[in-house]
Amino acid sequence: MAMKNYTEKKEKENLETMQAILNHLPSFVSEFSRGINAANSTKLGYIYDIRLFFEFLEEKKIAYIKSLSDLEKIKAEHIEVFLENSNNKAVSKSRKLSALRRLYDYFIKKEKIKNNPANIVETPKIPQKNITKLDVDEIARLLDSVEDGENLTKTQKNYHSHTKIRDLAIITLLLGTGLRLSECIGIDINHINFEQNAILITRKGGNEDIVYFSQEVERALKDYLKERLEKKTAQGHENAFFLSMQNKRIGARTVQNLIKKYTKIFNLKNISTHKLRSTYGTNLYRETGDIYLVAAVLGHKDVNTTRKHYATMDEDRKKQAAKIVKLRED
754 MAMKNYTEKK EKENLETMQA ILNHLPSFVS EFSRGINAAN STKLGYIYDI
804 RLFFEFLEEK KIAYIKSLSD LEKIKAEHIE VFLENSNNKA VSKSRKLSAL
854 RRLYDYFIKK EKIKNNPANI VETPKIPQKN ITKLDVDEIA RLLDSVEDGE
904 NLTKTQKNYH SHTKIRDLAI ITLLLGTGLR LSECIGIDIN HINFEQNAIL
954 ITRKGGNEDI VYFSQEVERA LKDYLKERLE KKTAQGHENA FFLSMQNKRI
1004 GARTVQNLIK KYTKIFNLKN ISTHKLRSTY GTNLYRETGD IYLVAAVLGH
1054 KDVNTTRKHY ATMDEDRKKQ AAKIVKLRED
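In our numbering, the protein residues as written are 754 to 1083.
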């Protein structure tokens, strides 16, 4: 219940931010935000991008969007110029285009406009990146560095003596379950069930899910729990499982920084919580070959999302398959 309250608090903050932006946009954008079925965080992203588009049109004296009739006058080339001037990577341009498509589609379904010029615009091609992950030796070295604090600076070692059990629990949990950062920091004490080795988490969009963990993760969590129960938490943070040095629910940046601190020892560049998640997903797929299982455990709504991320491994598996079947004995 407490984790749900935490998620609801974040959703409320997004709603308040969104409302402040909508106050300065045409009323039909508010209608759009109310009518679409999406989390407030997703809606907020749409509203940001729609506002940027309207501001661009006004700045370039292309159009002043005040009503749906103004929106209907926009042509595909206006959107293309907007994307060209965004100075963003392909993934950001694709997101902006998606927001505009969703806006037009909503009012087409409402039969308030007829055409969607954003559908004519070609989706920016997003280059496929190789999965950045840790290999077996790197995982072991990372966990060892958290435990012993070797090669940390003198100042870091002073903090390490107070946080190493917590840090080891966090990194072991991320590597052993593939949780997202938000899912990890949102965990409350009463959501961990050691009888079933399971954690109740809240996925993106607010849906609750159960994630199971191994004995190795269990040991790390139990070691930290002993320490955690002795701490006097700040008011309002009594249920939080992972605490900061201020005895408040640990924040995303704190977790990101602690991972950066330990991985820097071995010059492991660009290792983030997402890379730890990829490491888990890769290992699970390698061991099982079951893309649907990987999708379910990682909380992907669409298995094609999972398949896209692990396409390189699929190719490796296909190459291995070519060597398995022999037509003649050697």
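For glycine and all other residues, C-beta sits at the position ideal for the given N, C-alpha and C.
Use the C-beta contact count for residue i: other C-beta atoms within 10 angstroms, 16 or more gives buried, fewer gives exposed.
i: residue 965; result: exposed
i: residue 777; result: exposed
i: residue 1035; result: buried
i: residue 943; result: exposed
i: residue 873; result: exposed
i: residue 915; result: exposed
i: residue 771; result: buried
i: residue 963; result: exposed
i: residue 1045; result: exposed
i: residue 754; result: For residue 754, the predicted structure reports a pLDDT of 46, less than 50, and the residue's modelled location is therefore unreliable. The matter cannot be settled from this model.
i: residue 868; result: exposed
Mapping DSSP to helix, strand and coil, what is residue i?
i: residue 982; result: coil
i: residue 946; result: strand
i: residue 875; result: coil
i: residue 1045; result: helix
i: residue 996; result: strand
i: residue 952; result: strand
i: residue 811; result: helix
i: residue 1003; result: coil
i: residue 965; result: strand
i: residue 976; result: helix
i: residue 698; result: The structure shown does not extend to residue 698, since the chain is modelled only from 754 to 1083, so the question has no answer here.
i: residue 1125; result: Any answer about residue 1125 is impossible in this case: the structure gives the chain only from 754 up to 1083.
i: residue 941; result: strand
i: residue 971; result: helix
i: residue 1027; result: helix
i: residue 841; result: coil
i: residue 909; result: helix
i: residue 766; result: helix
i: residue 1017; result: helix
i: residue 933; result: coil
Excluding the 5 residues flanking residue i on each side, which residues of the same chain have their C-beta closer than 6 Å to its C-beta?
i: residue 1051; result: 931, 1034
i: residue 1037; result: 1047
i: residue 836; result: 846
Would residue i and residue j be called neighbours here (beta carbons separated by less than 8 Å)?
i: residue 971; j: residue 947; result: yes
i: residue 973; j: residue 925; result: yes
i: residue 796; j: residue 789; result: yes
i: residue 922; j: residue 977; result: yes
i: residue 1025; j: residue 1009; result: yes
i: residue 824; j: residue 861; result: no
i: residue 870; j: residue 815; result: no
Identify, in the order they occur along the chain, each residue of the same chain with its Cβ nearer than 8 Å to the Cβ of residue i, setting aside the five sequence neighbours on each side.
i: residue 1030; result: 927, 931, 932, 933, 1051
i: residue 912; result: 998
i: residue 904; result: 898, 1018
i: residue 917; result: 899, 900, 902
Which residues in the same chain as residue i place their Cβ atom closer than 7 Å to its Cβ, once the five residues preceding and following it in sequence are excluded?
i: residue 775; result: 782, 783, 786, 800
i: residue 1007; result: 997
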